[in-house]
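What follows is a single structure, written as structure tokens, with notes after it.
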Amino acid sequence: MKTIEFMGMPKSGKSTQLESLETILKQTNGKLVRIINEGARICPFDKNNRFEYNAWSFHTTINRIIETKHSNFDYLLIDRGIYDHIAFTCALGKSKEITAVQQITQLEYFKQFPYLEDSVLVFMVSPQEAMKREQKHYNLQGRVMNLPFLYRLYETYQQTIETIKHPIQLIDGSKEFSENRKDILDYITQTETT
Numbered sequence: 000m001k002t003i004e005f006m007g008m009p010k011s012g013k014s015t016q017l018e019s020l021e022t023i024l025k026q027t028n029g030k031l032v033r034i035i036n037e038g039a040r041i042c043p044f045d046k047n048n049r050f051e052y053n054a055w056s057f058h059t060t061i062n063r064i065i066e067t068k069h070s071n072f073d074y075l076l077i078d079r080g081i082y083d084h085i086a087f088t089c090a091l092g093k094s095k096e097i098t099a100v101q102q103i104t105q106l107e108y109f110k111q112f113p114y115l116e117d118s119v120l121v122f123m124v125s126p127q128e129a130m131k132r133e134q135k136h137y138n139l140q141g142r143v144m145n146l147p148f149l150y151r152l153y154e155t156y157q158q159t160i161e162t163i164k165h166p167i168q169l170i171d172g173s174k175e176f177s178e179n180r181k182d183i184l185d186y187i188t189q190t191e192t193t
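Numbering of the sequence shown is given in numbering that gives the first Met the number 0, commencing with residue 0 and proceeding in unit increments.
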């Protein structure tokens with residue numbers, strides 16, 4: 000089974016490309032595919048305690064990865080996996096939304112799990128572009144969707160990319176959907192032969 004993480008900036012096209020890839024792999028290639036959606040979307044409690052919320056989201060993702068590893072899928076596609084949680088934890092620390100001790104504790108723990116993934120697709124857009132896309136639908140600023148946090152997040156993604164030991168493919172989220180889809184499919188084809 001190939002396990003591929005989709006990580007990167009909000010509004011960079013990760014989820015849309017993930018769903019497109021799932022369809023192509025299933026319908027065109029006849030592959031068995033499982034998607035793990037980001038844990039943040041389904042968190043059942045108030046997100047004000049960022050340390051607990053981040054821990055819950057990470058463990059939910061890890062539990063689903065491990066469960067799927069013991070199944071017969073050809074592909075596991077993860078929307079915001081291990082490396083994304085590492086980058087997000089760093090951004091939370093820089094924003095003082097978690098303490099330095101909490102950040103260090105989570106990072107040391109999270110860094111034990113990258114072996115569960117095979118490769119990473121990294122989707123990037125500028126903080127300004129992410130905010131512009133968000134404001135097409137919502138005119139409010141949230142805890143993540145505000146420029147100061149997006150700048151910190153962008154910086155921590157750049158730093159995290161440098162630590163990834165797996166094969167990675169950088170995806171420019173400002174490019175056309177079809178162009179990025181082609182790059183992703185080319186990348187998937189290459190990984191099938193390795």
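Built from N, CA and C at the ideal position, the CB exists for glycine as well.
Computed from a prediction, not measured in an experiment: that's the story for all the values here.
Residue i, DSSP secondary structure in three states
| i | result |
| --- | --- |
| D73 | coil |
| F109 | helix |
| T98 | coil |
| I163 | coil |
| K1 | strand |
| D171 | strand |
Residue i vs residue j beta-carbon contact at 7 Å
| i | j | result |
| --- | --- | --- |
| I64 | L120 | no |
| L24 | D78 | no |
| V100 | S173 | no |
| R49 | L91 | yes |
| Q111 | T88 | no |
| T15 | G38 | no |
| D117 | T2 | yes |
| K13 | F148 | no |
| A86 | T27 | no |
| S70 | R180 | no |
Assumed close pair residue i, residue j - CB separation to whole angstroms, cut-off 8 Å
| i | j | result |
| --- | --- | --- |
| E4 | I81 | 7 Å |
| D73 | L31 | 5 Å |
| M0 | K68 | 7 Å |
| E21 | I35 | Wrong, their Cβ atoms sit about 11 Å apart, outside the cutoff. |
| F57 | F109 | 6 Å |
* Report yes or no: do three or more beta-carbon pairs, one from the stretch 143-163 and one from the stretch 2-22, lie closer than 8 Å? => yes
* Count the C-beta pairs between the stretch 145-156 and the stretch 113-129 that are closer than 8 Å, then say yes if the count reaches three, no if not. => yes
* Where are the alpha helix (DSSP H) runs, 4 residues long or more, that stay fully inside the stretch 122-148, in chain order? -> 126-134
* Unbroken stretches of the beta strand (DSSP E), 3 residues or longer, contained in the stretch 3-90 -> 32-35 and 74-78
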